[in-house]
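There are 2 protein chains.
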Amino acid sequence: MPNHKLARGVALVGAGMSKFGAFKGKTSRDLFVEAYVEMLESVDLGINPKEIEALYVGNYSCDLFEGQGHIAPIMASWTGLNPLPAVRVEDACASAGLALREGILAIASGMYDVVVVSGVEKMTDLPTEKVTDTLATAADVQYEIPAGFTFPGFYAAMATAYMHAYGATPETFMRVGIKNHQNGSMNEKAQFGATISSMMEGRKASAAKKGLPIPEWKDEMDFLHDDRANPIIAWPMRLYDCSPISDGAAVVLLVSEDLASKYSRNPIYITGTGQASDGALHDRQILTSIPSARLAANQAYQMAGITPADIDFAEVHDCFTIAEIIATEDLGFFEPGKGWIAAEQGDTSRIGPKPINLSGGLKSKGHPVGASGVGQVVEVWKQLRGQAGERQVPGKLRYGLTHNVGGTGQTCLVHIFERRD
Amino acid sequence: MPNHKLARGVALVGAGMSKFGAFKGKTSRDLFVEAYVEMLESVDLGINPKEIEALYVGNYSCDLFEGQGHIAPIMASWTGLNPLPAVRVEDACASAGLALREGILAIASGMYDVVVVSGVEKMTDLPTEKVTDTLATAADVQYEIPAGFTFPGFYAAMATAYMHAYGATPETFMRVGIKNHQNGSMNEKAQFGATISSMMEGRKASAAKKGLPIPEWKDEMDFLHDDRANPIIAWPMRLYDCSPISDGAAVVLLVSEDLASKYSRNPIYITGTGQASDGALHDRQILTSIPSARLAANQAYQMAGITPADIDFAEVHDCFTIAEIIATEDLGFFEPGKGWIAAEQGDTSRIGPKPINLSGGLKSKGHPVGASGVGQVVEVWKQLRGQAGERQVPGKLRYGLTHNVGGTGQTCLVHIFERRD
């Protein structure tokens, strides 16, 4: 696997995102401009847009979601970045992580010094069943789809394999959802800005208001076991185990390392990048781990010269709750088969030893698929700079990590970020 | 506009392509493997696939054409390149030119030494009207499509503007088609392996065989003026002014300059790359030129340290015949308004001073949209190495150029190739 030294280092000096959610009246262009403007405003020492030299756009399927192809120059147009080179990259739900890597390589190549990296997706124009069909095109359509699988099914297969191998239960997965909604309740950009507990209380209040019988849920776990409140999508994955259908955009600004102090009082250095691919799920030897994630993580750690123990916190690809548990093992935070125990013990909570998905993750923050990988970077930027407000992890942070998966791991990208002061 | 120096040089050491055409029983995977195997076999000193470090795939819309997203890891799977990083890039019909540029930057970055760059498209599974709709998503769907335009209309508007400004006639465009079919008749990989004259004779013979009246076409121009033989698509663009709907794949192998002699007895160096973007057609000041092409060309010439006069031959993006004439002006081969005169005088023919589209171009070779940009590179590779057979330009060649356009110029990429021995 390739893991050479980059010709020069790259720093992150700005980050912004739209709110993630379902926005009926907005197009991907509108959301993109919101994120871009917030990115510009986030640059400590200011950026003149004329200094920008290229635009990378991660997007999964504007083609199928909005009937629009060739979106990179359109986003360049709407942000005033024409006639700069505008590049769309796509590796399904890892499209934005891929945009980040391509932006890093482009700066390292010497071609550019200042690059905008972004991700955008507008999913809610389609009815839900069409969204599921569109997402299913990220699998191997020729072989996997005729077998009756869509993504909840794939991850349910991984979840049952994991339960069988290691003893986790559906309750394990529920606890991941509870944690991520807890984190997301403190994120004003999150699609669900509420804990599961408060959503449960809201349902009770709504029933009371309508004069209907008030459901007798004792606590969150009781609520999550109610088939009507939390229906089974593909057992053991229930509704609250699945990330939502979302619209959103996220934009970051990368510069060559030597320019970092020109733009930022507190730049974040991207010291590790890893990427790997894989075949379809049925070709794998194992369902309880994503091999491309292990490979990508190892590349990133090796490049950064650190180990999993050095990572202070991570944003991982929790498209389903099982995916977060597997991710924490693939990234080397916990031994194989121990990630579910760590999750149950609270080790991955905001105040635990290895906080995971402080933003709320895809589960609560939302999952506009082609934007999610850069959305993760926005959280790392905020946490490392101590700007995450109510959800800020206490204490000094040095290393953050992002883990972005396409399909069931046909693609995985891992990046490592460092604060150096 | 950015135009920095790359951290290291890049060489082309292998190239292959599938036949372009309409292949009912084949998928994009089949065509990709054909092209990949031919590329491997083209490497003078051989390549062990284990030495390859990444795969870049240009593809416009596998999503809409085949209902398949996330195709980069699938192509990696079918060529045995998993678990290498597999990247899909998209800028409409310039997707493969974009893949080339991203591959160049990736090697220059220091991340990889050996990269496969490719393009693929499988268009003929859809009925023709659906293909036109799919291609139209490369325009600005929100503004341009409701105005009633699809691509033949856009280029017809450019053609009429050009005729009005400079005095060209529909016959000018016909002559471009005749030339490109002449070139393509000598290319065994071309979709139309025949001159327009021989297609005309074929029609006569077919009529005779069926006992129908034999059409009385005097010559090719007479044939091309026949509304039944060559119907108007969007005046002045007739059927034989439009590139066809095609399936195909093209694959090349890039290595860092210092490794060129390890793989090739006669490597080709990529000494210039340029890319620019633009807004929709209605936002432009001018319809007789593509501004992004002028910008991209200037970047590439500057990087290569040469001028348009140095270019021995070029493969340009003749999606419509008018596009070739405009390209030869945008690339600086002829003054604005003089390209049509050069075309009429035969200056761009195989034996003229500036041969254009020796492969037959998109017009005759075929236009599998996301593959075309790398298809152009395959021709440059063959011509510069003296391996183009019957259509080989006589004499020693040093510089070749490729010009790949997305949409009506929302994207343009230009690359310059050099033989050094």
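Protein sequences, first through last, are from chains H and X.
Under our numbering, think of the first position of the first sequence as 52, with each following residue one higher.
Under our numbering, think of the first position of the second sequence as 52, with each following residue one higher.
Beta carbons: idealized from backbone N, C-alpha and C, even for Gly.
Continuous alpha helix (DSSP H) stretch holding residue i: start and end
i      : result
X/H232 : 221-235
X/I373 : 372-381
X/D81  : 79-93
X/S146 : 146-159
X/L275 : 271-275
X/F205 : 202-217
X/V431 : 423-435
Burial state of residue i, where buried means 16 or more other Cβ atoms lie within 10 Å
i      : result
H/G131 : exposed
H/R345 : buried
X/Q233 : buried
H/P487 : In this structure chain H extends from 52 to 472, so residue 487 of chain H is not present and cannot be described.
X/L409 : buried
H/G426 : buried
X/Q396 : exposed
X/Q434 : buried
H/M237 : buried
X/L263 : exposed
H/E375 : buried
C-beta contact flag for residue i and residue j at 8 Å
i      : j      : result
H/T185 : H/S112 : yes
H/R152 : H/Q326 : yes
H/E366 : H/T453 : yes
X/V167 : X/V302 : yes
H/P406 : H/F364 : yes
X/S328 : H/N99  : no
H/G323 : H/A351 : yes
X/T188 : H/G67  : no
H/E104 : H/V165 : yes
H/K173 : H/E117 : yes
X/M90  : X/L106 : no
H/E195 : H/L332 : yes
X/G330 : X/V171 : no
H/A219 : H/W391 : yes
X/Y450 : X/I341 : no
Neighbouring residues, chain H, relative to residue i (Cβ below 9 Å)
i      : result
X/E153 : V138, V140, E153, L156, A157
X/I376 : Going along chain H, no residue has its Cβ under 9 Å from X/I376, so there is no contact; the nearest lies around 22 Å.
X/H55  : E104, S160, G161, M162, Y163, D164
Where the beta strand (DSSP E) containing residue i begins and where it ends
i      : result
X/C113 : No beta strand (DSSP E) holds X/C113; the alpha helix (DSSP H) holding it covers 113-117.
X/Q326 : 319-328
X/A66  : 61-68
H/R139 : 137-141
H/D298 : 298-307
Proximal residues of chain H, C-beta to C-beta of residue i below 7 Å
i      : result
X/Y111 : G120
X/A327 : P134, P136
X/T201 : None at all; the shortest Cβ gap to chain H is about 13 Å.
X/A143 : G120, H121
Neighbour list for residue i in chain X, Cβ cutoff strictly below 8 Å
i     : result
H/A58 : A58, R59, A159, S160, G161
Contacts that residue i makes with chain H (C-beta to C-beta distance below 8 Å)
i      : result
X/Q353 : Those within 8 Å of X/Q353 in chain H number zero; the least Cβ separation is about 13 Å.
X/T188 : D114, G118, Q119, G120, H121
X/G457 : H121, P124
X/S343 : P134
X/L346 : P134
Straight-line Cα distance separating residue j from residue i
i      : j      : result
X/T462 : H/A216 : 50 Å
X/A245 : X/S423 : 19 Å
X/T201 : X/N110 : 20 Å
X/R442 : X/K240 : 12 Å
X/Q336 : X/N281 : 32 Å
H/S400 : H/L304 : 29 Å
X/A212 : X/D95  : 47 Å
X/N349 : X/P203 : 28 Å
H/H368 : H/D273 : 26 Å
Residue i beta carbon near the ligand GTP (any heavy atom closer than 7 Å)
i      : result
H/K447 : No copy of the ligand GTP occurs in the structure displayed, which carries no ligand at all.
Within chain X, the residues that residue i reaches when beta carbons sit closer than 7 Å
i      : result
H/I125 : D191
H/P359 : Residues of chain X passing the Cβ test: none, with the nearest at roughly 20 Å.
H/G330 : S128, N133
H/L149 : V138
Listed by chain order, chain X residues near residue i by CB distance under 9 Å
i      : result
H/T78  : Q193
H/Q461 : H121, A123, P124, I125, A127, S128, N133, A137
H/L338 : Within 9 Å Cβ-Cβ: nothing; H/L338 doesn't reach chain X, min ~17 Å.
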